[in-house]
Amino acid sequence: MASGRKQFVLHLDDPSGNSYIESIDLTAEKKEEANIKREDIQHNSSLNCSSSSSRRSLRKNKEKIEEEEETKQLLQQQQQQQQQQQQQQQQQQQQQQQQQQQQQQQQQQQQQQQQQQQQQQQQQQQQQQQQQQQQQQQQQQQQQQEQQIRSTDKGLTIRYFERTREQLHAMGFFETQEETENSQTGVDRILIQINPETLNPKP
46 MASGRKQFVL
56 HLDDPSGNSY
66 IESIDLTAEK
76 KEEANIKRED
86 IQHNSSLNCS
96 SSSSRRSLRK
106 NKEKIEEEEE
116 TKQLLQQQQQ
126 QQQQQQQQQQ
136 QQQQQQQQQQ
146 QQQQQQQQQQ
156 QQQQQQQQQQ
166 QQQQQQQQQQ
176 QQQQQQQQQQ
186 QQQQQEQQIR
196 STDKGLTIRY
206 FERTREQLHA
216 MGFFETQEET
226 ENSQTGVDRI
236 LIQINPETLN
246 PKP
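Be aware that the sequence shown starts at 46, since it is given in this note's numbering, and climbs by one per residue.
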């Protein structure tokens with residue numbers, strides 16, 4: 046009794062018919078075992094929790110990775126679409142530039158043709174004017190020559206005939222002056238004087 050503890054023996058009857066005796070030490074050991082089991086269970090549960098949390102974290106990481114990959118793919122698709130749009134725009138711009146250049150070239154060609162036509166018309170007009178001037182000058186010269194002849198030879202009947210020499214000689218005319226010019230038709234314009242004997246023959 047000095048120590049306050051006294052060993053005793055506990056008789057237990059098992060309903061199954063098996064009787065057994067347990068001491069305090071055995072109960073203490075069993076308690077320790079139970080505690081150890083509890084600790085193991087807690088540890089296992091903590092491990093399970095950690096494993097579940099790690100699984101969750103892994104899932105989250107996978108989901109994040111998948112989301113990142115999806116976002117990357119979306120970005121790549123958007124970039125590709127933008128590049129395609131830019132290429133299409135560039136092609137359209139190039140086509141428009143080519144069309145504009147072709148139109149400009151056509152306009153330039155038309156302008157050049159118009160200028161050439163105008164130049165040709167101007168040249169033709171100038172040629173016509175020159176021809177008219179030459180004709181006028183020739184007519185003036187002829188008129189001046191006729192006036193000079195008429196003023197100098199008033200006493201003679203002088204006329205202008207457009208005949209060949211053979212015809213004039215056959216008609217009885219003779220030449221009083223050399224030829225002034227030759228026409229393109231082969232007819233000689235000559236100044237002739239009428240022979241009074243051929244006009245008034247003697248009886």
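Note that the Cβ used here is the ideal one computed from N, Cα and C, for glycine as well.
Distance between H88 and R102 (C-alpha atoms, nearest Å): Rather than Arg, the amino acid found at residue 102 in this sequence is Ser. S102 and H88: Cα-Cα distance of roughly 20 Å.
Alpha-carbon spacing of Q158 relative to Q173, whole angstroms: Going from the Cα of Q158 to the Cα of Q173 covers about 22 Å.
Inter-residue Cα distance where the pair is Q160 and Q169: When rounded, the distance between both Cα atoms is 14 Å.
Euclidean distance between Cα positions of Q131 and L120: About 16 Å.
S90 versus E77: straight-line alpha-carbon distance, rounded: Roughly 19 Å separates the two Cα atoms.
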